[in-house]
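Data block below; observations after.
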Amino acid sequence: MLDLRLSVAPMVDRTDRHFRFLVRQVSQGVRLYTEMTVDQAVLRGNRERLLAFRPEEHPIALQLAGSDPKSLAEAARIGEAFGYDEINLNLGCPSEKAQEGGYGACLLLDLVRVQEILKAMGEAVRVPVTVKMRLGLEGRETYRGLAASVEAMAAAGVKVFVVHARSALLSLSTEANRKIPPLRHEWVHRLKEDFPQLTFVTNGGIRNLEEAFLHLKRVDGVMLGRAVYEDPFVLEEADRRVFGLPRRPSRLEVARRMRAYLEEEVLKGTPPWAVLRHMLNLFRGRPKGRLWRRLLGEGRSLQALDRALRLMEEEVGEEGEKEKPGPRGQAEAAPGLAREGV
1 MLDLRLSVAP MVDRTDRHFR FLVRQVSQGV RLYTEMTVDQ AVLRGNRERL
51 LAFRPEEHPI ALQLAGSDPK SLAEAARIGE AFGYDEINLN LGCPSEKAQE
101 GGYGACLLLD LVRVQEILKA MGEAVRVPVT VKMRLGLEGR ETYRGLAASV
151 EAMAAAGVKV FVVHARSALL SLSTEANRKI PPLRHEWVHR LKEDFPQLTF
201 VTNGGIRNLE EAFLHLKRVD GVMLGRAVYE DPFVLEEADR RVFGLPRRPS
251 RLEVARRMRA YLEEEVLKGT PPWAVLRHML NLFRGRPKGR LWRRLLGEGR
301 SLQALDRALR LMEEEVGEEG EKEKPGPRGQ AEAAPGLARE GV
């Protein structure tokens, strides 16, 4: 059963297991994705380091990139064995490295190869195989071409499409590709109208839950990206308002859980900064938030986190609450996709 109403986008050098654990402390319902992971790294690298995750991270998807059907099928099989709930194929990365490797957005130039890949992956695993794609390439995208791409992938067995509602401009940097190509969320809305039997998640430039709710009236799900990294508490109302869970954690509560997590990780040999770097924005926009960031950034240790925690406890105090029931004691649930098997 995939609940795709709200998810956090795969982000290179961002959505590692430490950040995913942090997000899970804020929201139990939001769907998590790994960083883009190239198939050859899975086949030849340290799989435990690349793929291991904590049970608390469910629901979680492994995003793979590559261009060879056999290699991707084997990487998908390995990912399923590690316990991932979904295997996602990256068809959106426009980076120079992706172009050199023949994967990511440039694969949209060869839909026959994409079909071969998706069929091989689908036959290799029992969990859903999904795609994350762009509208098209080089600013020459058309809705008709986008719909044809969806039809081709659906014929290969794909039922879930996460669409970054921008074109991929292969001559620009990855950062520029997040800003310069215009957003066309209305095309994703139209896809849902034209292919009601398929599941569509829209992604790109969505900054908060209020914007997400507007899209949920038209599509099955919304994926947030950098807005969550810049302030994980963009999701503070997600469990209550989207998933109907009676909880709303405070920033201090999450910080304390991360302190316990860091202590465990340090004992395993994890460098403290690997975890602390993801916590810098935990008090973004709050009193003493800049001081919190400076203490962690300069100290880079468990002791620095303890000092910062004491400061926030003394200066700021608790905010939020563990439970915040909706009308008549019932948790609110957003309109949009009910839990759906795909």
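Position one of the sequence shown corresponds to residue 1 (full-length UniProt numbering), numbered consecutively onward.
Every residue, glycine too, gets a C-beta built ideally from N, C-alpha and C.
**Study point:** Candidates P128, L170, I180, E116, of which the one nearest P94 by Cα
**Key:** On the sequence shown, position 94 is the one that residue 94 refers to. For P94, the nearest C-alpha among the options comes from L170.
Practice item. Return the chain-ordered ranges of every beta strand (DSSP E) run that is complete within the stretch 175 to 220 and spans a minimum of 3 residues. Key: 199 to 203
Exercise for review: Could you work out which residue in T202, A9, E230 is closest to K217 when comparing CA atoms only?
Suggested key: In the sequence shown, residue 217 corresponds to position 217, counting from 1. Comparing Cα positions, the closest option is T202.
Review point. For M36, which of helix, strand or coil comes out of DSSP?
Key: Counting from one through the sequence shown, the residue named residue 36 turns up at place 36. In the structure shown, M36 sits in coil (DSSP, three-state: anything other than H, G, I, E or B).
Practice item. Count the other C-beta atoms from every protein chain shown that fall within 10 angstroms of the C-beta of residue 356, then say buried if there are 16 or more, exposed otherwise. Key: Nothing can be reported for residue 356, as the shown portion of the chain is limited to 1 through 342.
Practice item. Tell me the start and end of each unbroken beta strand (DSSP E) in the stretch 36 to 100 that is at least 3 residues and wholly inside, in chain order. Key: 60 to 65, 86 to 91
Practice item. Taking L280 and V23 to be in contact with their CB atoms under 8 angstroms, please state how far apart those CB atoms are, rounded to whole angstroms. Key: In the sequence shown, counting from the first residue as 1, residue 280 sits at position 280. In the sequence shown, counting from the first residue as 1, residue 23 sits at position 23. The Cβ separation is near 14 angstroms, so there is no contact.
Point to revise | Closest residue to R310 among R184, Y33, E253 (Cα-Cα distance) | key: Residue 310 sits at position 310 when you count from the first residue of the sequence shown. With distances taken between Cα atoms, R310 lies closest to E253.
Practice item. Consult DSSP for V275 and reduce its assignment to one of helix, strand or coil. Key: For the purposes of this step, residue 275 is identified with residue 275 of the sequence shown, where counting begins at 1. Three-state result, V275: helix.
Check your understanding: Does the stretch 240 to 258 come close enough to the stretch 185 to 205 to have 3 or more Cβ pairs within less than 8 angstroms?
Key -> no
Practice item. Could you tell me the distance, in whole angstroms, from the CA atom of E340 to the CA atom of R5? Key: In the sequence shown, residue 340 corresponds to position 340, counting from 1. In the sequence shown, residue 5 corresponds to position 5, counting from 1. Caution applies to E340, whose pLDDT of 33 falls short of 50 and renders its modelled position unreliable; the value that the coordinates give is listed next. The straight-line gap from Cα to Cα measures roughly 10 angstroms.
Review point. Counting Cβ pairs, one atom from each stretch, are 3 or more of them under 8 angstroms apart for the stretch 35 to 44 and the stretch 74 to 85?
Key: yes
Exercise for review: Identify, in the order they occur along the chain, each residue of the same chain with its Cβ nearer than 8 angstroms to the Cβ of G320, setting aside the five sequence neighbours on each side.
Suggested key: For the purposes of this step, residue 320 is identified with residue 320 of the sequence shown, where counting begins at 1. At G320 the pLDDT is 43, less than 50, meaning the model places this residue with poor confidence and gives no usable figure here.
Review point. When we look at the beta-carbon of V12 and count the other beta-carbons within 10 Å, is it buried (16 or more) or exposed?
Key: Within the sequence shown, the letter at position 12 stands for residue 12. Exposed, since its Cβ has fewer than 16 Cβ neighbours within 10 Å.
**Study point:** C-beta contact flag for E86 and V127 at 8 angstroms
**Key:** The residue given as residue 86 occupies position 86 in the sequence shown. The residue given as residue 127 occupies position 127 in the sequence shown. Yes, they are a contact pair.
Review point. Alpha carbon to alpha carbon, what distance is there between M258 and A120?
Key: One-based indexing of the sequence shown puts residue 120 at position 120. One-based indexing of the sequence shown puts residue 258 at position 258. If you take the alpha carbons of A120 and M258, they lie about 39 angstroms apart.
Check your understanding: Of the residues A155, A168, A148, which one's Cα is nearest the Cα of G139?
Key -> Your numbering for residue 139 matches position 139 in the sequence shown. Checked all of A155, A168, A148; the closest Cα to G139 is A168.
Point to revise | Identified DSSP bridge partners for T142 | key: In the sequence shown, counting from the first residue as 1, residue 142 sits at position 142. Paired residue(s): none; T142 is not in a bridge.
Check your understanding: If you draw a straight line from the C-alpha of E57 to the C-alpha of G269, how long is it?
Key -> Looking up residue 57 in the sequence shown gives position 57. Looking up residue 269 in the sequence shown gives position 269. Cα to Cα, E57 sits roughly 21 angstroms from G269.
Exercise for review: List the endpoints of the continuous alpha helix (DSSP H) containing F19.
Suggested key: Mapped onto the sequence shown, residue 19 falls at position 19. Note, F19: alpha helix (DSSP H), 17 to 26.
Point to revise | Opposing strand residues paired with S167 [DSSP bridges] | key: Residue numbering aside, residue 167 sits at position 167 when the sequence shown is read from its first letter. DSSP lists no partner for S167.
Exercise for review: Given a cut-off of 8 angstroms, decide if H18 and A274 are closer than it, judged by their beta-carbon atoms.
Suggested key: One-based indexing of the sequence shown puts residue 274 at position 274. One-based indexing of the sequence shown puts residue 18 at position 18. Contact: yes.
Exercise for review: Decide if V188 is buried, meaning its Cβ has at least 16 other Cβ atoms within 10 Å, or exposed.
Suggested key: Translated into positions along the sequence shown, residue 188 becomes position 188. Result: buried.
Review point. Using a Cβ-Cβ cut-off of 7 angstroms (strictly less than) and excluding sequence neighbours within five positions of A238, which residues of its own chain qualify?
Key: Translated into the one-based positions of the sequence shown, residue 238 becomes position 238. Counting only Cβ-Cβ distances below 7 angstroms, and skipping sequence neighbours, we find L6, S27, G29, V30, L209.
Exercise for review: State yes or no: is the C-beta of M312 nearer than 7 angstroms to some heavy atom of the ligand HEM?
Suggested key: Ligands displayed in this structure: none; no statement on the ligand HEM is therefore possible.
Point to revise | Bounding residues of the beta strand (DSSP E) (the contiguous stretch that carries K119) | key: Taking the sequence shown and counting its residues from 1, one reaches residue 119 at position 119. That residue, K119, is in no beta strand (DSSP E); its alpha helix (DSSP H) goes 111 to 124.
Check your understanding: When you compare each of T15, F53, A124, L118 to G66 by their alpha carbons, which one comes out closest?
Key -> In the sequence shown, counting from the first residue as 1, residue 66 sits at position 66. That would be L118, whose Cα lies nearest to the Cα of G66.
**Study point:** First through last residue of the alpha helix (DSSP H) which encompasses V234
**Key:** Position 234 of the sequence shown, counted from the start, is the residue given in the question as residue 234. No alpha helix (DSSP H) contains V234, which DSSP labels as neither H nor E.
Review point. Whole-angstrom Cβ separation of L302 and L262, contact assumed at under 8 angstroms?
Key: The residue labelled residue 302 in the question sits at position 302 within the sequence shown. The residue labelled residue 262 in the question sits at position 262 within the sequence shown. L302 to L262, Cβ: 6 angstroms. Contact.
Review point. Of all the options D110, P59, A165, which has the alpha carbon lying nearest to the alpha carbon of P182?
Key: Within the sequence shown, numbered from 1, the residue matching residue 182 stands at position 182. When only C-alpha atoms are compared, the closest one is A165.
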